[in-house]
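The structure under discussion appears below in the form of C-alpha cells.
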Amino acid sequence: MKKLIFIPFILLLLLTGCLGEKNPPFVEIKIDGKAGEQGWYVSDVKFSMVAYDNESGVKELKYRINGEQWRDYVGIPYVISQDGYYMIEYVSVDGNNNEARGSITIKIDKTKPNIAFENFEEGYIYFRGKKILTPRIPHDTMIIGDYKIVVSSNDSTSGVKKVEFYMGENMALEKYESPYEWEISRGIGVYNITATAYDNAGNKNEITVEEVQLINII
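Be aware that the sequence shown starts at 683, since it is given in the numbering used here, and climbs by one per residue.
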C-alpha cells in the first residue's frame, strides 16, 4: 500500500520539475503623443512599458531603437523628439527564462511642409503672363489677363499630401501631385492669393500675397 502511494508522488514531483512554468511575461506598451493623420505623431512622443509575470516574476525588461544596443528599461519614459521613423524592439524574461518579444513602429513629423511661389511675388504687374515692375498704385500687385501661378512644395519626412489654392476665402483648386499650378483665367476684384500645403501627417503651411488686383473678364 505504501508503495502505491509513494510511486505516484515521485512521478508528480518529476512531472512538475520537467514542465515548470511555460508562460512568458506580459508586456504592456504605452505611447503618449499628439496624433496626426495616417498613423503619424505631430509632437514629441513618450514611450513607456511595464512587464507582468505572476508566476516566477520578471527578471529583465530591455528595449532598443532602430537596431541599436539593447538597454535596460528602468521605468522612466523614453522621449523621442526628432522627426523620423523609429522601430522599437523589446524583450522581457521571467524567472524561468521564458521570453516575450515584440516590436512597434513610431512615426513622428512635427515640421510643416515647405511651400513657395515660384513665379509670383508682391510688387509686380503680371500682364498676360509677363512680369512687370509696378509703380506705386493703390494695389502694388496686379494680374491682368490669364496667369498661371506655380508653387513648389516638399516635405522630407511624411511627404506632401496636397496643395490648395485660394482666391480670398474661397478655394479655387486642390492638387494632390506636382506640378502644383493654378491657371487664373477669369475674375475681377481685389483678393488675397493664398497657397496652402499639407503633409501626410496633417501639418500645414501657407503663403499669401495680399490685396492682389485681378482684372480678367474676357
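Even glycine gets a Cβ: it sits at the ideal position worked out from N, Cα and C. Since the structure is predicted, the reported quantities are computational estimates derived from the model, not experimental observations.
Environment of residue i [buried if 16+ CB atoms lie within 10 Å]
i              : result
asparagine 882 : buried
leucine 815    : exposed
tryptophan 722 : buried
tryptophan 864 : buried
lysine 704     : exposed
glycine 757    : exposed
isoleucine 899 : exposed
leucine 686    : Confidence in leucine 686 is poor, its pLDDT being 40 and thus under 50, which makes the residue's placement unreliable; the coordinate value appears in the next sentence. Exposed is the call here.
valine 761     : exposed
Residues that residue i bridges to, as DSSP identifies them
i                 : result
phenylalanine 847 : Leu855, Ala877
asparagine 796    : Asn836
valine 709        : Ala733
valine 891        : Ile875
aspartate 791     : None; aspartate 791 has no bridge partner.
lysine 716        : Lysine 716 pairs with nothing; no bridge assigned.
8 Å Cβ cutoff met for residue i and residue j
i                 : j              : result
phenylalanine 729 : isoleucine 790 : no
aspartate 828     : glycine 811    : yes
phenylalanine 847 : alanine 877    : yes
methionine 825    : isoleucine 866 : Contrary to the premise, residue 825 reads as isoleucine rather than methionine in this sequence. Against a cut-off of 8 Å, the Cβ pair of isoleucine 866 and isoleucine 825 comes out as a contact.
asparagine 874    : glutamate 856  : no
valine 709        : tyrosine 767   : no
aspartate 765     : lysine 792     : yes
isoleucine 786    : valine 727     : no
Residue i versus the options, residue with shortest Cα-Cα distance
i              : options                        : result
threonine 890  : Asn836, Ile897, Thr823         : Thr823
glutamine 720  : Val842, Arg868, Tyr760         : Val842
serine 763     : Glu781, Ser725, Val709         : Ser725
aspartate 754  : Val775, Tyr767, Asp735         : Val775
asparagine 778 : Val894, Ala854, Pro706, Tyr858 : Pro706
Any non-hydrogen atom of the ligand NAD within 7 Å of residue i CB
i           : result
leucine 815 : In terms of ligand content, the structure shown is empty, and the ligand NAD therefore cannot be addressed.
* Asked: Looking at C-beta atoms only, is the number of pairs between the segment 712 to 721 and the segment 743 to 750 that lie closer than 8 Å three or more?
  -> Verdict: no, contact absent.
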